[in-house]
Amino acid sequence: MAKLLQLASARLGRIYLPSRSLTSSEVSTALRPFYFLVHPDLFGLFPEEQAVNEHSMKSLKNYLDVLLEEKRKPESAKVTFFLKRGEARNKSRSGLSRVSYQLTDPQVRKTVIAILKGANLPTSYVDSIADKPEDRVRVTKFDGDAFDFQFHEVRTRSANDARNPLDVFLHRNVERARANFEKIEPLRLRLERMQDLMIYDFHLKDIIWGGDLKPYNCRNSLTSFRSICESDPAMAAIVRDKTVVFGNFSGLSLQGEIVLYSGEVAHNWLQKLKEIPDEEQILKHIPRVEKALSQALLDVKVVRKKFQAITSVDDYRQRLRRLLTSINDYRTSKRFPGHWPESLEHLEICLENSSSPLMLTATGQMILPCNIAISRLVEFMSENMDQAQQRLDQAGKLAQKEVDIIEACALELGLVKLEKDIGITSQNMIESCTRLMQYSAHIRHLTHGNHILVDRYYSVESDGTIVIPYNWKFHDEYSAITGVQN
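The sequence shown begins at 1 in UniProt numbering and counts up by one.
So, in structure tokens, the structure goes:
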């Protein structure tokens, strides 16, 4: 029944745990979003700011340790932190901000709240922890039998069932997620330092993680890559001024980034890196072939899918040439439909391999297999022109809105990180984040200091990431669907 009472808190008023002040673990959880803005390991490219934060972190830790362990008022201290929001690893200081604190308060709670507020971070997690016996909120009316019946089906489901209410899942799993996150936190911060050092040592533009790589995989990949660059100056010269992506294939991406597949051994990476200069020469000629294809298809835009998994850049060039030849052959004896506009420059096509399905994406791009019959291509484009235009227009409007709402939602929920799976559309992500913010007052004390990934299912990953479905339900919505009322 105690667990059911906790689950009912969102509807009937939050039910606090027995009286106690903040513990060391609670302080760590409360300040985690702050630490991920100021931790010295995040400032490898900014040595001066890194030194300031390192000194301030020690001062803050000492101040809190005296309050928590020695139960006495520490000496006053002034600390200054530089905050780094986002994940960009460029050398510009424009993305840094500065905040100063005068540490004088003898209470842990007030000190933690002041730190969070100074960095514009939510304090809901701290507010949810009762400080005095009289702070307990009592439930005035609660029908335990009805509530038990309402969640009978929920409790008998798989814990990862996407039909589970979000608040139920969080109540059951947030402590496990925080424990996993805390275990992996030192490694995650070490990875940040390793990345910054590699960017600095080998003059890289950036290091990006593509795919579902865990921290241990990331560490091994960075170690192997550093070993290659240190042992062979020629390899270091090849990667200089480049963005390196650890993704799902090895080679040169269509954006000119060096991609390395983490599932391969270092020897394979070495061979692929040796091929990069030749692939870069081929890449220089691809825009010319894309332009020829565009002109053959009434100036349609030929776009490249980010991190397109190809065997080589030359493979993509062959795809372009294959479709271009087919279109030119078609136009020697036939014309495009008379109802087509004079120009298709408002439409976008993306060329895939011969086994790819012919489809219209949620963002309005027409995905074409390179071996498609032109008669089928004409038919498909005729059927989907209007809808493609609508989706492209909508996608353009949604792109920045999605970025903004993810940032706002992460801040509102006190998250260390909020992201989505590649298969989740911008519209779905915007709707999910909007609803998360609407229910934030009920779940902030559960989401604070966590990393959430929006996908199609529930899960707690080994690194502490909380996975939730984009179309999650809250328990009052579940009640409306089942028809069960409290």
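Each residue gets a CB set at the ideal place from its N, CA and C atoms; glycine is no exception.
ALA77: first and last residue of the uninterrupted beta strand (DSSP E) it sits in: Segment 77 to 84, the beta strand (DSSP E) holding ALA77.
Three-state secondary structure (DSSP) at SER350? Going by the sequence as given, residue 350 is Cys instead of Ser. Correct three-state label for CYS350: strand.
Can you tell me the Cα-Cα spacing of LYS291 and ASP404, whole angstroms? 34 angstroms
If the criterion is Cβ atoms closer than 8 angstroms, does the pair VAL244 and ILE282 meet it? no
Cβ neighbour criterion (16 or more within 10 Å) applied to ALA388: Buried.
Whose CA, out of ALA237, HIS346, TRP472, lies closest to the CA of PRO277? ALA237
Element boundaries [alpha helix (DSSP H), containing LEU436]: First-last of the alpha helix (DSSP H) with LEU436: 426 to 438.
Report the rounded CA-to-CA distance for ARG190 versus ASP41, giving the unit in angstroms. 7 angstroms
Supposed close pair ASN120, PHE82 - CB separation, criterion 8 angstroms: At roughly 15 angstroms, the Cβ-Cβ gap does not stay under 8 angstroms, so ASN120 and PHE82 are not in contact.
Complete runs of the beta strand (DSSP E) confined to the region 324 to 349 [at least 3 residues]: none
Start and end of the alpha helix (DSSP H) containing GLN400? Here the alpha helix (DSSP H) through GLN400 covers 374 to 413.
Check TRP472 in the structure and name its three-state DSSP category. coil
Is the beta carbon of GLU280 closer than 8 angstroms to that of LEU252? yes
Use the C-beta contact count for ASN268: other C-beta atoms within 10 angstroms, 16 or more gives buried, fewer gives exposed. exposed
So, for TRP209: in the same chain, excluding its five sequence neighbours on each side, which residues have a beta-carbon less than 6 angstroms away from its beta-carbon? Closer than 6 angstroms at Cβ, skipping near neighbours: PHE246.
Would you call ASP241 buried or exposed, if buried means 16 or more other Cβ atoms sit within 10 Å of its Cβ? Flag for ASP241 reads exposed.
Looking at C-alpha atoms only, which residue of GLU182, ARG163, PRO186, VAL467 is the closest neighbour of THR29? Closest in C-alpha terms to THR29, from the list GLU182, ARG163, PRO186, VAL467, comes GLU182.
Cβ contact (3+ pairs, closer than 8 angstroms) linking the region 169 to 178 and the region 436 to 448: yes
Spell out a yes or no on whether the region 388 to 402 and the region 320 to 332 are touching, meaning 3 or more CB-CB pairs, one atom from each, closer than 8 angstroms. no
Buried versus exposed, by CB contacts within 10 Å (16 or more), ALA177: buried
Looking at the structure shown, is VAL467 part of a helix, part of a strand, or coil, going by DSSP? strand
Taking only three categories from DSSP, how would you classify ILE129? Coil, per DSSP.
Give the DSSP bridge partners of SER100, in chain order. Under DSSP, SER100 forms a beta bridge with THR80.
Measuring only the C-alpha atoms, how far is GLU419 from ILE466? 11 angstroms
In this structure, does DSSP put HIS442 in helix, strand or coil? It is helical.
Can you check the region 211 to 282 for any beta strand (DSSP E) of at least 3 residues that lies completely inside it and give the ranges in chain order? 243 to 247, 258 to 261
Skipping 5 residues on each side, what residues in its chain have a beta carbon closer than 6 angstroms to that of CYS229? PHE202, MET235, ALA236
Nearest by alpha-carbon distance to ALA114: which of SER312, PRO47, PHE34 is it? PHE34
Specify, as a first and last residue, the run of the beta strand (DSSP E) that ASP455 falls within. Per DSSP, ASP455 belongs to the beta strand (DSSP E) from 451 to 455.
Counting C-beta neighbours from all protein chains within 10 Å, is the total for TYR458 16 or more, i.e. buried, or is it exposed? buried
Coarse secondary structure for GLN65, derived from DSSP in three states: Checking the sequence shown, residue 65 turns out to be Asp, not Gln. Here ASP65 sits in helix by DSSP.
Can you tell me whether ARG319 is buried or exposed? The criterion is at least 16 other CB atoms within 10 Å of its CB, across all chains shown. buried
State the beta-bridge partners of VAL460 as determined by DSSP. ILE466
When the Cα atoms are used, what is the spatial distance from PRO287 to SER56? PRO287 and SER56 have their C-alpha atoms some 51 angstroms from each other.
Does DSSP classify ILE422 as helix, strand or coil? coil
Can you tell me the Cα-Cα spacing of SER59 and THR434, whole angstroms? Whole-angstrom Cα-Cα distance: 38 angstroms.
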